[in-house]
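Q: I am attaching a structure below and will ask some questions about it afterwards.
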C-alpha cells in the first residue's frame, strides 16, 4: 500500500514523530491515571479543568512549531545563516509573548476559571495547578521553536529523543510526587514544570555544538531585516487567530461539561485525552507533510506536491482505521486503567461513540492542516477556522444544552465543517502556488 518514494519519505519523518508525539498525550493519560485513583474524582476533574485552560494558552501558540517547520523547510538547506536568522526572529516574537503572559498570569488564571464557571474545591485546585504550570510557558515556546527547527531540517530522530525524554521525566515525576511524596494536584503540576524546563539543557548543548547560532552579526541582522520579521508576525498572527478559535471551542466544550457536574467533567476529560492520542498520532504525518510540502513549494515542484498530498491522505485513513479498531476492542480495558470510579466509567462508555464520530469526521482536517501549514497558507487556514468556529457556536445556540449529549453534537459539527471547507480549498491552494489549473 505504501510503496512510492514519497510514501517512504513521509514514513521516514513520521515514524519517529509518532513515538514522540504519542508520549505527549501519554503524560495526560498518566496524570489522569494517577489522580483518578485518589480518593475523590475532584482531583481528576480539577486537573482536567486546569489542563484545558493551560492547553488553551499553549495551543493558542501551538502554531510556533508548525510555522517554524514551514519557514525552515522552504529555505535552501545549504543556507544555514538564513535559517538561523529565521529562528532568531521567531525567538524574538515568542520572548515578547512569554513576558506578556507571565506579567498577566494572575489575571488570566482568575478570568479563565470564572469563564469556565466552576466553583468551590474544583476551582481552588485548578488555580493551584495553573499557578505552577504558567511558569513553564517560556520553556514550552523554546521547545516548540527548537523541535520545529529540527523537523524542518529533517533531524527528526533527534527531535524524537528530546520529546520522549522530557515526557518520560514528566511521568516519573508524576509517580514520585503523588505516590511517594503524597502530593495531589500540585505534584502533577510541578512534574510538568520541571520536565518542560529540561529543554533548556538540550538547547544549550545544541548551541554549543552549532556555532552559527552564536554568531553575533546574524543575531543583529535578525532585528535589522524588519520586512522578514513583519512577514513572520503576519503569518503567526493569522495562525494565532486560528489556534485561539480552535482552543476556544475545546475550552467551551469543557466549560459546558462542568455545568453537568464533576462526573461528566471527569468523563469528558478522559474522552478528550483519547482524542488527543489520535490527534498526536495523526500530527506526526501532518508534520511530515509540512516538511515535504514546504520543500516542494520552495523548489516550485508541483509533481512532488501532488505526490505528498496523495500519500498524506493514505496515511491518515490508515491511522484512523487503526485507532478505531483498537478502541472498539480494547476501550473497556483502557478506561479501567485510567479510573476506578464506576460512575465516571459508565459515562465514558456511554459517550465513546461520540468520540469515534469526532475522529472520523475530523480526520480530513488533520491531514490538510499539514499540507496548508507547509505551504504557509495562513490566510486560508484562518478564514476556514473562523467559519468552523461560527458553526460550533451556532450549533450550541440552535441545538440547546438540555443534556450534555448536545455539546458532543456541536463538536461533531465543528470538525465536520472544518474537514469539508479544508478539502474544498485544496484546488485553489494548489493553483495559487503553482498557477496550474489541473489537480493530479
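Residue numbers (our numbering): 2 to 441.
The beta-carbon is built from N, C-alpha and C at its ideal position, and this holds for glycine as well.
Here the structure is a predicted model, which means the values were calculated and not measured.
Among the residues of its own chain, which have a CB less than 7 Å from the CB of residue 385, if the five just before and after it don't count?
A: Here residue 385 is taken as the residue at index 384 of the chain shown, counted from 1. Hits under 7 Å: 419, 422, 423 and 426.
Q: Between 143, 94, 315 and 304, which lies nearest to residue 456 when the distance is taken from Cα to Cα?
A: Within the shown structure, residues of the chain are numbered from 2 to 441, placing residue 456 beyond reach of any answer.
Q: Counting only C-beta atoms, is residue 142 closer than 8 Å to chain B at any point?
A: The question asks about chain B, but that chain is absent: this structure has only one protein chain.
Q: Give every residue of the same chain whose Cβ lies closer than 8 Å to the Cβ of residue 445, excluding the five residues on either side of it in the sequence, and list them in chain order.
A: The structure shown does not extend to residue 445, since the chain is modelled only from 2 through 441, so no value can be given for it.
Q: Taking the alpha helix (DSSP H) that residue 124 belongs to, which residues open and close that run?
A: If you number the chain shown from 1, residue 124 lands on position 123. Residue 124 -> alpha helix (DSSP H) spans 121-134.
Q: Which class does residue 289 belong to by DSSP, given the choice of helix, strand or coil?
A: Your numbering for residue 289 matches position 288 in the chain shown. In this structure, residue 289 counts as helix in the three-state DSSP scheme.
Q: In the structure shown, what three-state DSSP assignment does residue 441 receive?
A: Position 440 of the chain shown, counting from 1, holds the residue named residue 441. Low confidence applies here, because residue 441 scores a pLDDT of 40, under 50, leaving its location unreliable; read the following figure in that light. Three-state DSSP puts residue 441 in coil, outside helix and strand.
Q: Could you check which residue in 367, 342, 128 and 349 has the C-alpha nearest to that of residue 39?
A: One-based indexing of the chain shown puts residue 39 at position 38. Cα-wise, what sits closest to residue 39 is 342.
Q: For the region 9-23 and the region 278-295, state whether three or more C-beta atom pairs, one from each stretch, are separated by less than 8 Å.
A: The region 9-23, when compared against the region 278-295, does touch it at the 8 Å Cβ threshold.
Q: Would you check if the distance between the CB atom of residue 269 and the CB atom of residue 255 is smaller than 8 Å?
A: The residue you call residue 269 lines up with position 268 of the chain shown. The residue you call residue 255 lines up with position 254 of the chain shown. Yes, Cβ-Cβ distance for residue 269 and residue 255 is below 8 Å.
Q: Roughly how many angstroms lie between the CA atoms of residue 9 and residue 148, to the nearest whole one?
A: Taking the first residue of the chain shown as 1, we reach residue 9 at position 8. Taking the first residue of the chain shown as 1, we reach residue 148 at position 147. Their Cα atoms are separated by approximately 22 Å.
Q: Can you give the Cα-Cα distance for residue 178 and residue 192, rounded to whole angstroms?
A: Within the chain shown, residue 178 is the residue found at index 177, counting from 1. Within the chain shown, residue 192 is the residue found at index 191, counting from 1. If I take the Cα positions, the gap works out to 7 Å.
Q: Tell me whether the region 399-417 and the region 88-107 touch, counting them as touching only if at least three CB pairs, one residue from each stretch, are closer than 8 Å.
A: These segments do not touch.
Q: Considering Cα atoms alone, identify which of 32, 415 and 404 is closest to residue 262.
A: What you label residue 262 is simply residue 261 of the chain shown in a count that begins at 1. Closest by alpha carbon: 404.
Q: Express the C-alpha separation of residue 206 and residue 329 in angstroms, rounding to a whole number.
A: As a first step, residue 329 is located in the chain shown; it is residue number 328 there, counting from the start. As a first step, residue 206 is located in the chain shown; it is residue number 205 there, counting from the start. One C-alpha to the other measures close to 44 Å.
Q: On a CA-only basis, which of 359, 234, 430 and 208 is nearest residue 372? Give me that one, please.
A: Here residue 372 is taken as the residue at index 371 of the chain shown, counted from 1. Nearest C-alpha to residue 372: 430.
Q: Under 8 Å, do residue 181 and residue 146 count as touching if we go by C-beta distance?
A: Counted from its first residue, the chain shown places residue 181 at position 180. Counted from its first residue, the chain shown places residue 146 at position 145. No, the Cβ-Cβ distance between residue 181 and residue 146 is not below 8 Å.
Q: Can you tell me whether residue 6 is helix, strand or coil according to DSSP?
A: By one-based count along the chain shown, residue 6 stands at place 5. DSSP places residue 6 in helix when its eight states are reduced to three.
Q: Whole beta strand (DSSP E) runs in the region 292-330 with 3 or more residues, listed along the chain?
A: With a minimum length of 3 residues, no continuous beta strand (DSSP E) run stays inside the region 292-330.
Q: Can we say the region 348-359 touches the region 405-416, given the rule of at least three CB pairs closer than 8 Å?
A: Short answer: they touch.
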